[in-house]
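Student: For the first sequence, the positions run 1 to 930 when the numbering used here is used. Here you go, one structure.
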Amino acid sequence: MSRPYRPQEIEPKWQQRWETDGLYRSVMDPAKPKFYALTMLPYPSGDLHIGHWYAMTPSDARARFKRMQGYNVLFPMGFDAFGLPAENAAIQRGIHPGKWTMDNIVNMRRQLRTMGAMFDWQREAVSCLPGYYRWTQWFFLKLYEMGLAYRKQAPVDYCPSCKTTLAREQVIGEEHICERCGTPVIKKDLEQWFFRITKYADELLDFSRIDWPEKIRLLQTNWIGRSEGAEVTFTIAPEDLPADAAPEEGRLVVFTTRPDTLWGATFMVLAPEHPLVERITKPEHRQAVEAYKWQAARQNEIERLATDKEKTGVFTGAMAINPVNGKRIPVWTADYVMMTYGTGAIMGVPAHDERDFAFAAKFGLPIPVVIETDEWIAEGRPFPLPHPYPGEGRMINSGPFDGTPAPHLAVEQVTAWLAAQGRGKAAVNYRLRDWLISRQRYWGAPIPMIYCDHCGIVPVPYEQLPVLLPPDAEIPKTGENALLYHEGFLHTTCPQCGGPARRETDTMDTFMCSSWYQYAYLSPYYREGEPVTGDDTPWDPAELAYWAPVDTYTGGAEHAVMHLLYTRFFTKALRDGGLLNFDEPMLQYRYQGTILGEPRKGDVAEVTGAWEGSAFKAAEITAYPFDRPDLWPAMGQSATRVCGEVMARDEVSLQVRVDEAGTLVVVHVSEELPVHIPGKERPGQLTDILYHLEVEKMSKSKKNVVAPDALVEAYGADVVRAYLMFGWRWEMGGPWDSKGIEGIVRWINRVWSLVTDAPRHRAAPDAGAERELLRAMHSAIKAVTQDLENFSFNTLIARLMEYTNALSKAKEAGWGTPTWDTALTHLLLLLAPITPHLAEELWESLGKPYSIHLQPWPTWDEAMLAVAELEIPVQVNGKVRGKVVVAADADEATIKAAALAEPNVRRYVEGRQLVKVIVAGLKLVSVVVK
RNA sequence: GCCGGAGUGGCGGAAUCGGCAGACGCAAACGACUCAAAAUCGUUCGGGUGAUCCCCGUGUGGGUUCGACUCCCACCUCCGGCACCA
Numbered sequence: 001m002s003r004p005y006r007p008q009e010i011e012p013k014w015q016q017r018w019e020t021d022g023l024y025r026s027v028m029d030p031a032k033p034k035f036y037a038l039t040m041l042p043y044p045s046g047d048l049h050i051g052h053w054y055a056m057t058p059s060d061a062r063a064r065f066k067r068m069q070g071y072n073v074l075f076p077m078g079f080d081a082f083g084l085p086a087e088n089a090a091i092q093r094g095i096h097p098g099k100w101t102m103d104n105i106v107n108m109r110r111q112l113r114t115m116g117a118m119f120d121w122q123r124e125a126v127s128c129l130p131g132y133y134r135w136t137q138w139f140f141l142k143l144y145e146m147g148l149a150y151r152k153q154a155p156v157d158y159c160p161s162c163k164t165t166l167a168r169e170q171v172i173g174e175e176h177i178c179e180r181c182g183t184p185v186i187k188k189d190l191e192q193w194f195f196r197i198t199k200y201a202d203e204l205l206d207f208s209r210i211d212w213p214e215k216i217r218l219l220q221t222n223w224i225g226r227s228e229g230a231e232v233t234f235t236i237a238p239e240d241l242p243a244d245a246a247p248e249e250g251r252l253v254v255f256t257t258r259p260d261t262l263w264g265a266t267f268m269v270l271a272p273e274h275p276l277v278e279r280i281t282k283p284e285h286r287q288a289v290e291a292y293k294w295q296a297a298r299q300n301e302i303e304r305l306a307t308d309k310e311k312t313g314v315f316t317g318a319m320a321i322n323p324v325n326g327k328r329i330p331v332w333t334a335d336y337v338m339m340t341y342g343t344g345a346i347m348g349v350p351a352h353d354e355r356d357f358a359f360a361a362k363f364g365l366p367i368p369v370v371i372e373t374d375e376w377i378a379e380g381r382p383f384p385l386p387h388p389y390p391g392e393g394r395m396i397n398s399g400p401f402d403g404t405p406a407p408h409l410a411v412e413q414v415t416a417w418l419a420a421q422g423r424g425k426a427a428v429n430y431r432l433r434d435w436l437i438s439r440q441r442y443w444g445a446p447i448p449m450i451y452c453d454h455c456g457i458v459p460v461p462y463e464q465l466p467v468l469l470p471p472d473a474e475i476p477k478t479g480e481n482a483l484l485y486h487e488g489f490l491h492t493t494c495p496q497c498g499g500p501a502r503r504e505t506d507t508m509d510t511f512m513c514s515s516w517y518q519y520a521y522l523s524p525y526y527r528e529g530e531p532v533t534g535d536d537t538p539w540d541p542a543e544l545a546y547w548a549p550v551d552t553y554t555g556g557a558e559h560a561v562m563h564l565l566y567t568r569f570f571t572k573a574l575r576d577g578g579l580l581n582f583d584e585p586m587l588q589y590r591y592q593g594t595i596l597g598e599p600r601k602g603d604v605a606e607v608t609g610a611w612e613g614s615a616f617k618a619a620e621i622t623a624y625p626f627d628r629p630d631l632w633p634a635m636g637q638s639a640t641r642v643c644g645e646v647m648a649r650d651e652v653s654l655q656v657r658v659d660e661a662g663t664l665v666v667v668h669v670s671e672e673l674p675v676h677i678p679g680k681e682r683p684g685q686l687t688d689i690l691y692h693l694e695v696e697k698m699s700k701s702k703k704n705v706v707a708p709d710a711l712v713e714a715y716g717a718d719v720v721r722a723y724l725m726f727g728w729r730w731e732m733g734g735p736w737d738s739k740g741i742e743g744i745v746r747w748i749n750r751v752w753s754l755v756t757d758a759p760r761h762r763a764a765p766d767a768g769a770e771r772e773l774l775r776a777m778h779s780a781i782k783a784v785t786q787d788l789e790n791f792s793f794n795t796l797i798a799r800l801m802e803y804t805n806a807l808s809k810a811k812e813a814g815w816g817t818p819t820w821d822t823a824l825t826h827l828l829l830l831l832a833p834i835t836p837h838l839a840e841e842l843w844e845s846l847g848k849p850y851s852i853h854l855q856p857w858p859t860w861d862e863a864m865l866a867v868a869e870l871e872i873p874v875q876v877n878g879k880v881r882g883k884v885v886v887a888a889d890a891d892e893a894t895i896k897a898a899a900l901a902e903p904n905v906r907r908y909v910e911g912r913q914l915v916k917v918i919v920a921g922l923k924l925v926s927v928v929v930k
């Protein structure tokens, strides 16, 4: 026996050697095609998570594969280092956010190095360092210059717990909770900075230049929410306008996707915040309208009580005139119309819109039908209409348009007609809102703006960047922004007039930092220490021209409508600013799923004792393993005994499930009480009892976290890498399985001994076996190449296992022959991207030249995949009844004859009428009989 | 409610221009080796009480087809996103 596989020795050795040699330094080389592979950068939370490994190591494998294929590959790594957890740590533990962050980064760099990934650490970028955020601020100034950054007073989403505003994308679900802490978000009226992402709405809907998953494209498309329709101008009845009204005040524009239903509009609704409400409300309705507005504003704050979808609203007393038929219709105000979408006003067409129908039904407004269908006619034209009908039909009661098919032709024709008359025009609306980037936080890049009493809002000159975060800021325990109280930061002079001025204290959303980091890697902290101007670029132009854009991007799908939308916007904005000459930041994107916590059954505890109120006081505890039902005493509870599965435990109590229905009993346990565990001699402690774990997201509080450091220590990085690729469909993820990794350990050990152990005897080469081995080799090369290309990591490992098994079988027969050597070295080449240390070590042990990672990727020969003869299944009436072996070049007639001659097939065919025989190439023969 | 995705052995999963369902593993059982255990190697492993034969089987019910996990229709369950967006 030769030496055993010891990853703990070989992995650090190679990592050091590669680093010393600069094996993974990525240097521009015009002679080679470039490949920019990027995986989402981590937040430096303190420890690397198994999820980071799951995301990064397959991405690394693919980057390595591309490198062996001859590309000059860039695969960088960095840290998204601004953000709230650092401030929370400061509050809880009194550590400065900067120190906390940088300490975490030191640890995470170490952990990342144990992956054995080909990260080029000399290109690392850390977003909280001045050399980085100077450019983040520079981009802000650039966007401001381009008119893409603006400040406005607006009702914004605000998290009272994080004490900061949030972007629309950071508010989750129906309950409108903060994505970071889960606190319900409230609306606040604040002056905030926005980026005009809506300007790019249409371009962001165009995915034709990029290879992104359908799911992400859909999420972004829905988020942007483009809808086409028309703007139609109604007028307020002149007598209902105040005397001082300007002429345009009487024009009320609404957006509708169904201009063809205009003749059915029987009322109008304004959002409660709509300025016109104030102006047109009649004195006798004023009190009710004011009360309603107040209530609506307040409801926004207390989160309009979820389930209640009953329509509310009040009449303003004013009338409007429908431009298509001159009819006078009442103007209402109601909170189902939103000020932030469209024009904040709608026409109510109750017959053909669900919401308008509910509103009209509640307030007794007429519901005339203007779209008819054959079914409606067949039902006898029921009136009033029992249900709203938003579907297709023909226009009726619509003057010149009666009979027009709607909405298909009708929308176009009515829109054209309105436009010709100057009463409306085609229009498009989006759900997407501008990106709110102000955060009332200390730990972020300061927004480089100055407020001067004289000059107003003044941008910090480019030359003065960075606006440094004061390192000596005291983080208030209240969670407020430390910059508000930092006199040295706050007070400055106006760059224009030189007078006293105040700095903006808000910092930027951290998504701003990650919107351009893919370019930061190209020349990290570019021109640090040198003053720069607005005419400079934040990167070395040569590096940008060579590497950008990203060829393959990988990371979590949860960023679909945040990071992935923002970074596309950013690139397009920079392109329009003349900084870039391409349209999309990442040409190909693939996401991975999530590794969840491993489920586990709790032990079965049998407890005797006595009840104390609603809890049970333990006198004696015995714990049995859950999966040995033969040992289970009956579950249940009595006056002196409780028995069931342990669902949870802490230092002094257990929660025991005593029946199938899930009834829980709380068992109090005094500290000293020993726990009997059958099969264990000494009495155990409460902490020896296993408690139930559900499949859930991993989190420290749920105690289901898998620590990669411990896995690496136990199995080695290569095994962990291979297991993460093998165990799940990459894009799906799933619960962790601590047993499954053993299969990889066995496989890797087999690979190891395949190379390092000599067989018991050496046999003469056998031509047939050699040919078979080569066939297996070419087939493995093909499968692994295609699977790496397609992100199909689990099947790739399966194919490598099969190939390993084939080599094991072949070893006794043909060891030491040239064919054997070829087959073995090809196994190592295929393994190199997957298990880089193992492959390097074995490569060296075969006496091959350093490094395996500099070798070209093997190619396959289709001709070598061919077999001389193959087995074809034969079906009779759709069921497999036999198999025949035919030559690979057999013609159809031969195959047919062989199939019909097969004894079992004959049993089914004899005595019946042969209808036909279908020969499906070399795949299958199908016989039909009657 | 609307828009997506997914349902395959005890488990993770494989196979979709329609062609042998369950590759590759985990777990389990048995055997070899061992004083013994672990490791390793070998065998079995969807169900129908053995079988190379037969029947059933890819969420449910229909359909198309010589042939359906795959295509069509109607449902069910779970997951994700959106949610008065006019």
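Quick reminder that beta carbons are idealized off the backbone N, C-alpha and C, glycines included.
Per DSSP, K883 forms a beta bridge with which residues?
Tutor: P873, per the DSSP bridge assignment.
Student: Can you say whether R590 is buried or exposed, counting buried as having 16 or more other CB atoms within 10 angstroms of its CB?
Tutor: So R590 counts as buried.
Student: Could you check what DSSP says for F315 in three-state terms: helix, strand or coil?
Tutor: Three-state result, F315: strand.
Student: Once DSSP output is grouped into helix, strand and coil, what is the label at Y485?
Tutor: In the structure shown, Y485 sits in a helix (DSSP, three-state: H, G or I).
Student: Can you tell which of E598, G613, R64 and C181 has the C-alpha that lies nearest to the C-alpha of P160?
Tutor: Ranking E598, G613, R64 and C181 by Cα distance to P160 puts C181 first.
Student: Ends of the beta strand (DSSP E) at D931?
Tutor: This structure leaves residue 931 out entirely; the chain is present only between 1 and 930.
Student: Taking DSSP as the reference, what is the three-state secondary structure of Q932?
Tutor: Nothing about residue 932 can be reported from this structure: the residues present for the chain run from 1 to 930 only.
Student: Can you tell which of L580, D891, I457 and P903 has the C-alpha that lies nearest to the C-alpha of V985?
Tutor: Because residue 985 is not part of the residues shown, which for the chain are 1 to 930, the question remains open.
Student: Which two residues bound the contiguous beta strand (DSSP E) that contains S227?
Tutor: Per DSSP, S227 belongs to the beta strand (DSSP E) from S227 to I236.
Student: Report the option in M77, P323 and P155 whose CA atom is closest to the CA atom of Y517.
Tutor: Nearest of M77, P323 and P155 to Y517, Cα basis: M77.
Student: Going by the CB atoms, is the gap between V712 and V705 shorter than 8 Å?
Tutor: The answer is no: Cβ separation not under 8 Å.
Student: Given a threshold of 16 other Cβ atoms within 10 Å of its Cβ, counted over all protein chains shown, does P97 qualify as buried or as exposed?
Tutor: Buried, because 16 or more other Cβ atoms sit within 10 Å of the Cβ of P97.
Student: On the CB-based measure, 16 or more other CB atoms within 10 Å of its CB, does I302 come out buried or exposed?
Tutor: Per-residue confidence for I302 stands at a pLDDT of 48, beneath the threshold of 50, marking its modelled position as unreliable; the derived number appears in the next sentence. I302 comes out exposed.
Student: Among the residues of its own chain, which have a CB less than 7 Å from the CB of E694, if the five just before and after it don't count?
Tutor: Excluding positions up to five away in sequence, the list reads P599.
Student: So which of Q913, G911, L922 and R907 has the shortest CA-CA distance to K967?
Tutor: Coverage of the chain is limited to positions 1 through 930, which leaves residue 967 absent and any answer about it impossible.
Student: Look at G496 and V458 and say whether their C-beta atoms are less than 8 Å apart.
Tutor: One point to set straight first is that residue 496 is Gln, not Gly, in the sequence displayed. Yes, the pair counts as a contact, with Cβ atoms nearer than the cut-off.
Student: Can you pull the DSSP bridge partners for D189?
Tutor: BP columns for D189 point to P155.
Student: Which two residues bound the contiguous alpha helix (DSSP H) that contains W860?
Tutor: Unbroken run through W860: none, as it is neither H nor E.
Student: Work out the CA separation of A416 and E504 for me, nearest whole Å.
Tutor: Their backbone Cα atoms lie some 48 Å apart in a straight line.
Student: Does the Cβ of Y24 have 16 or more other Cβ atoms within 10 Å, making it buried, or fewer, making it exposed?
Tutor: The residue in question, Y24, is buried, as its Cβ has 16 or more Cβ neighbours within 10 Å.
Student: Could you have a look at T164 and say whether DSSP puts it in helix, strand or coil?
Tutor: Residue state, collapsed to three classes: strand.
Student: Could you tell me the distance, in whole angstroms, from the CA atom of L924 to the CA atom of I781?
Tutor: Those two C-alpha atoms are separated by around 27 Å.
Student: Measure the C-alpha to C-alpha separation of L807 and E770 and round it to an integer number of angstroms.
Tutor: Their Cα atoms are separated by approximately 11 Å.
Student: Starting from the Cα of V277, find the closest Cα among V656, E249, G22 and M40 and give me that residue.
Tutor: Looking at the Cα atoms, E249 is the closest of the given residues.
Student: Work out the CA separation of F234 and V253 for me, nearest whole Å.
Tutor: Going by the C-alpha atoms only, they are around 6 Å apart.
Student: Excluding sequence positions up to five away, which residues of its chain have a Cβ less than 8 Å from the Cβ of K425?
Tutor: Same-chain partners within the cutoff: A230, E231, T415, L418 and A419.
Student: How long is the line joining the alpha carbons of A648 and L654, rounded to whole angstroms?
Tutor: So the two alpha carbons sit approximately 6 Å from each other.
Student: Taking only the alpha-carbon atoms, compute the straight-line gap between P368 and P400 and give it to the nearest angstrom.
Tutor: Their backbone Cα atoms lie some 17 Å apart in a straight line.
Student: Any idea which residues DSSP pairs G733 with across the strands?
Tutor: Partner(s): T594.
Student: Quick one: what does DSSP say Q496 is sitting in, helix, strand or coil?
Tutor: DSSP places Q496 in coil when its eight states are reduced to three.
Student: What's the C-alpha gap between D453 and H491?
Tutor: Going from the Cα of D453 to the Cα of H491 covers about 13 Å.
Student: Which residues in the same chain as A265 place their Cβ atom closer than 7 Å to its Cβ, once the five residues preceding and following it in sequence are excluded?
Tutor: Counting only Cβ-Cβ distances below 7 Å, and skipping sequence neighbours, we find N322, I329, M347, G348 and V349.
Student: Count the other CB atoms, across all protein chains shown, that sit within 10 Å of the CB of D506; report buried if there are 16 or more and exposed otherwise.
Tutor: Buried, by the Cβ-count rule.
Student: Span of the alpha helix (DSSP H) holding A710?
Tutor: Note, A710: alpha helix (DSSP H), P708 to Y715.
Student: Taking all protein chains shown into account, decide if A893 is buried (16 or more other Cβ within 10 angstroms of its Cβ) or exposed.
Tutor: With fewer than 16 other Cβ atoms within 10 Å, it is exposed.
Student: With a 10 Å radius around its C-beta and 16 neighbouring C-beta atoms as the bar for buried, classify K477 as buried or exposed.
Tutor: Exposed, because fewer than 16 other Cβ atoms sit within 10 Å of the Cβ of K477.
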